[in-house]
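**Q** Note that our numbering gives residue 111 to position 94 of the sequence shown, counting from 1, and the numbers run on in steps of one.
Heads up, the beta-carbon is just placed ideally off N, CA and C, and yes, glycines get one too.
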Amino acid sequence: MSRFTDNVNRYLTTMKIRQTYLSMQSGIDKNKLSRILTGVQEESGSDMEKIARGLGQSVAYFLADDMVISPMGTAKADKIAFYAGEPTEKQARIARDLTALMETIDLVVSAKTRFKSIAEE
18 MSRFTDNVNR YLTTMKIRQT YLSMQSGIDK NKLSRILTGV QEESGSDMEK IARGLGQSVA
78 YFLADDMVIS PMGTAKADKI AFYAGEPTEK QARIARDLTA LMETIDLVVS AKTRFKSIAE
138 E
């Protein structure tokens, strides 16, 4: 396998990213991606660009002899975490908006319970 493929596989393993996710992010068919990542099929420059972009990195990052994978940090045991690179500003804004939406839904749902208990008193 090539250095690029070896580094991508190491990155996927370390970051706990599945090939299915990378396939969706990169637009590469999951069977083709599997052949590339197992070394059965040689990756083209276009494939390398799509894979790197899907992982939020550059091709040069995966071609480096001494590729350093930044630690994900720690997550509490009751939390689910997924890391696929640094988010763009648009992705960060969407995440903040979704978090605010979920907090609002939680407030509304818990208010219903509070109102029922007040009504029963």
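Could you check where the alpha helix (DSSP H) with residue 102 kicks off and where it finishes?
**A** Looking at the DSSP string, residue 102 is not in any alpha helix (DSSP H), and its letter there is neither H nor E.
**Q** Okay, do the region 22-30 and the region 38-57 touch, 3+ Cβ pairs below 8 Å being the bar?
**A** Cβ pair count under 8 Å is three or more, so yes.
**Q** Evaluate residue 79 with the Cβ neighbour count: other Cβ atoms within 10 Å of its Cβ, from every protein chain shown; 16 or more gives buried, anything less gives exposed.
**A** Buried, since its Cβ has 16 or more Cβ neighbours within 10 Å.
**Q** Have a look at 70, 135, 61, 117 and flag the residue whose alpha-carbon is nearest the alpha-carbon of residue 41.
**A** Of the listed residues, the one whose Cα sits closest to residue 41 is 70.
**Q** Given a threshold of 16 other Cβ atoms within 10 Å of its Cβ, counted over all protein chains shown, does residue 65 qualify as buried or as exposed?
**A** Counting Cβ neighbours within 10 Å, residue 65 comes out buried, since at least 16 surround it.
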